[in-house]
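If you count by the numbering used here, then the sequence shown holds residues -2 to 222, one letter each, in order. Each residue gets a CB set at the ideal place from its N, CA and C atoms; glycine is no exception. Scroll down for the structure; my scribbles are underneath it.
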Amino acid sequence: MCGRYGLWAPQDALVELFDCDLTLGDYRPTWNAAPSQQLPVIFERADDSGRRMQHLQWGLVPSWARDARRPMINARSETLVDKPSFKGPARRQRCLVPANGYYEWQAEGEQKHPWFLSAAEGDPVMGFAGIYEAWKVPDSDDEWLRTFAIITRAAPDVLGHIHDRSPVVVPPNLWAEWLDPAATQDSDVAQLLDAIAPPHLHPRRVGRAVGNVRNNDPSLVESVT
-2 MCGRYGLWAP QDALVELFDC DLTLGDYRPT WNAAPSQQLP VIFERADDSG
48 RRMQHLQWGL VPSWARDARR PMINARSETL VDKPSFKGPA RRQRCLVPAN
98 GYYEWQAEGE QKHPWFLSAA EGDPVMGFAG IYEAWKVPDS DDEWLRTFAI
148 ITRAAPDVLG HIHDRSPVVV PPNLWAEWLD PAATQDSDVA QLLDAIAPPH
198 LHPRRVGRAV GNVRNNDPSL VESVT
């Protein structure tokens, strides 16, 4: 499961890194991104309007849902093209979720301790595999709730002692293929996921302050003994 992450890279660096043609929404760096927040994601649309970075709400609400009370923050890769909530977006609306790293809580006896996992020293930006959706607000003329979920898979053995799930990290050489809106078949999605190797992530133990969403500063990712 991925329930918190950090993204503090400057906006211009994100635009350049992901080769975005359009940006929508106000970007604010965060060390404690949490579900229900508006956060930047990268995607392409079938109308060929270019690659965009847009703020969506973390917690996917299916387009056919009666209400928005049960958003889903993660989608399991193993059932991505089978579950009704995910199979439509998996075929047509895939995205990348930029992150400098993410948090997991490790059970130790009766307590849990947080770890921050990143790609390397300096916490370079990664692109988590995601899906996005648009839900029309009932009784509105043209009001839409746009949401996303992060795709997860079984954690690599080296990280399994912390948590049994981890985000699917798309390597840069596969970003274009993952975002390609023309790849709409279940077999396309399966091949894309199979091509993504488990990441080599570096965990460091951090303080429990990240457990409170009101805490949001660089100290959250500092290593503690």
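- With distances taken between CA atoms, Asp23 lies nearest to Gln34 out of Gln34, Leu14, Asp214 and Asn29.
- DSSP, reduced to helix, strand and coil, places Pro168 outside both helices and strands of the structure shown, so it counts as coil.
- A direct Cα-Cα distance of roughly 10 Å separates Val210 from Trp28.
- The bridge partners DSSP lists for Ser163 are Arg150.
- Annotated three-state conformation of Thr76 is helix, per DSSP.
- For Pro196 and Pro153, the gap between their C-alpha atoms comes out near 8 Å.
- The C-alpha of Arg67 lies about 16 Å from the C-alpha of Pro135.
- Partner residues in the beta bridge of Tyr100, as assigned by DSSP, are Phe113.
- Across the structure, Arg25 and Val12 are spaced so that their CA atoms are roughly 14 Å apart.
- In the displayed model, Ala192 falls within a helix according to three-state DSSP.
- Look at the beta carbons and you see the stretch 158 to 170 touching the stretch 121 to 134: at least three pairs across the two are nearer than 8 Å.
- Within its own chain, the residues whose Cβ lies closer than 7 Å to the Cβ of Arg202, once the five positions on either side in sequence are excluded, are His110, Trp112, Ser220 and Val221, listed in chain order.
- The C-beta of Glu101 has 16 or more other C-beta atoms within 10 Å across all chains shown, which makes the residue buried.
- Arg205 and Gly56 have their C-alpha atoms spaced approximately 23 Å apart.
- Pro37 sits close to Gln51, with the two beta carbons spaced by under 9 Å.
- With respect to Ala6, Val122 sits close: the two C-beta atoms are nearer than 9 Å.
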